[in-house]
């Protein structure tokens, strides 16, 4: 039997397109040439069907693909009793247009391999989709703006699927801060989401990173590592955070982050940073500790080779020279921290008086620096 359909309502033929309602159709029209025949393949009484279909303005969704909904589907496919071969399809996810090609088979179980491309995929839509796999609430904040070139390959068996892809964005914004030339590769499976070769120009410098989220745990765990070079402390991103104690300079180094994705949980941080072209000289800073959801920090600090001349300029006291090392703690918000610890200086001078060694306690908060329990050593004398 041969059938010809013209502007037929696709929802009435749901079963014949994809059996067992693995893909569900909400609305749309189709044209099709369909042939039904039996006794094919040497199996008496078995009915086989094959043909070609083109669809117009179809909306569909899939429970197997985490309630993924696609709208305004246009395109064509070749099909038979066991598989569909998608020749060319365009559609919209959220506010992002894309095209796809691929194959779906359903003789015994539903299998698929689909390739998706878009040259205008909204980063905000990508973030909304990521929330599903990270078990985040609808109110979770993913303030992403921008459009990307996106390539994705989705393959799997029923609801067990894998995603591999890459994206690139010339410019965008995250949390109110601009970035340029973002690129990243990513993959997803039932175990986790992984990012690789992350690269972006931010704050006048460059950030590279890798990381991922382990979804096999009862509560998802994340681990990320970022290398960065020559980030400007006077950029819109960093200036509000460090202007109280770094008036200039460039930051380079590495930051490792890990934690669990749950309400109120802290992020564990390990950082090693080199500060260059700063009023405190070129110095090294190491930090380790935790950051809360509200950006409250509780860190152990170690700094090396801090210029006392620069520190004196900051404190309006120009009669001090040398290089200092500091070990202590930082607590509070980064824009208004409380810093306590011990400072050590070898070979310096104060008000023209040289010394071999100096140590003392440091207490800094609200732009006020206190030095206590100072100990000087010079030529065997201690005072």
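In the numbering used here, the protein residues as written are 1 to 383. Ideal placement from N, C-alpha and C gives every residue a C-beta, glycine not left out.
Which of the three DSSP states is assigned to residue i in this structure?
{"i": "residue 182", "result": "strand"}
{"i": "residue 25", "result": "strand"}
{"i": "residue 234", "result": "coil"}
{"i": "residue 8", "result": "strand"}
{"i": "residue 76", "result": "strand"}
Enumerate in chain order the residues of its own chain whose CB-to-CB distance from residue i is below 6 Å, with the five nearest sequence positions on each side excluded.
{"i": "residue 2", "result": "35"}
{"i": "residue 234", "result": "none"}
{"i": "residue 26", "result": "59"}
{"i": "residue 362", "result": "341, 343"}
{"i": "residue 309", "result": "321"}
By how many angstroms is the C-alpha of residue j removed from the C-alpha of residue i?
{"i": "residue 227", "j": "residue 274", "result": "12 Å"}
{"i": "residue 138", "j": "residue 49", "result": "Residue confidence for residue 138 is low, a pLDDT of 41 falling below 50, so the modelled location carries little weight; the figure read from the coordinates is stated next. Spanning the two alpha carbons is a distance of roughly 43 Å."}
{"i": "residue 358", "j": "residue 351", "result": "14 Å"}
{"i": "residue 288", "j": "residue 98", "result": "43 Å"}
{"i": "residue 159", "j": "residue 30", "result": "27 Å"}
{"i": "residue 282", "j": "residue 252", "result": "11 Å"}
{"i": "residue 13", "j": "residue 297", "result": "58 Å"}
{"i": "residue 115", "j": "residue 10", "result": "23 Å"}
{"i": "residue 303", "j": "residue 206", "result": "23 Å"}
{"i": "residue 330", "j": "residue 130", "result": "33 Å"}
If you drop the 5 nearest sequence neighbours on each side, which residues of the same chain put their C-beta closer than 7 Å to that of residue i?
{"i": "residue 267", "result": "257, 259, 290, 291"}
{"i": "residue 272", "result": "253, 254, 286"}
{"i": "residue 248", "result": "233, 234, 277, 278, 279"}
With distance defined between alpha-carbon atoms, name the residue in the options nearest to residue i.
{"i": "residue 336", "options": "54, 246, 81", "result": "246"}
{"i": "residue 102", "options": "153, 130, 148", "result": "153"}
{"i": "residue 286", "options": "76, 205, 269, 82", "result": "269"}
{"i": "residue 190", "options": "371, 163, 200, 57", "result": "163"}
{"i": "residue 374", "options": "365, 364, 338, 342", "result": "342"}
{"i": "residue 365", "options": "340, 161, 378, 212", "result": "340"}
{"i": "residue 324", "options": "241, 51, 356", "result": "356"}
{"i": "residue 88", "options": "376, 79, 95, 74", "result": "74"}
{"i": "residue 262", "options": "326, 377, 220, 28", "result": "220"}
{"i": "residue 278", "options": "305, 148, 4, 124", "result": "305"}
{"i": "residue 151", "options": "55, 157, 371, 186", "result": "186"}
{"i": "residue 264", "options": "284, 216, 329, 293", "result": "293"}
{"i": "residue 379", "options": "370, 311, 360, 346", "result": "346"}
{"i": "residue 148", "options": "155, 126, 83", "result": "126"}
{"i": "residue 211", "options": "195, 204, 201, 217", "result": "195"}
{"i": "residue 318", "options": "328, 326, 307, 224", "result": "307"}
So that I know if they touch, is there some Cβ in chain D lying closer than 9 Å to that of residue i?
{"i": "residue 311", "result": "Of the protein chains in the structure, only one exists, and it is not chain D."}
Spatial neighbours of residue i within its chain, please: C-beta separation below 8 Å, excluding the five flanking residues on both sides.
{"i": "residue 92", "result": "70, 71, 72, 98"}
Q) Can you list, in chain order, the stretches of the beta strand (DSSP E) that have 3 or more residues and sit fully within the stretch 81-153? A) You should have 83-93, 96-105, 111-122.
(Q) What ranges does the beta strand (DSSP E) occupy inside the stretch 240-324, keeping only unbroken runs of at least 3 residues that lie completely in it? (A) Counting whole runs of 3 or more residues, the stretch 240-324 contains the beta strand (DSSP E) stretches 250-260, 267-276, 283-291, 296-307.
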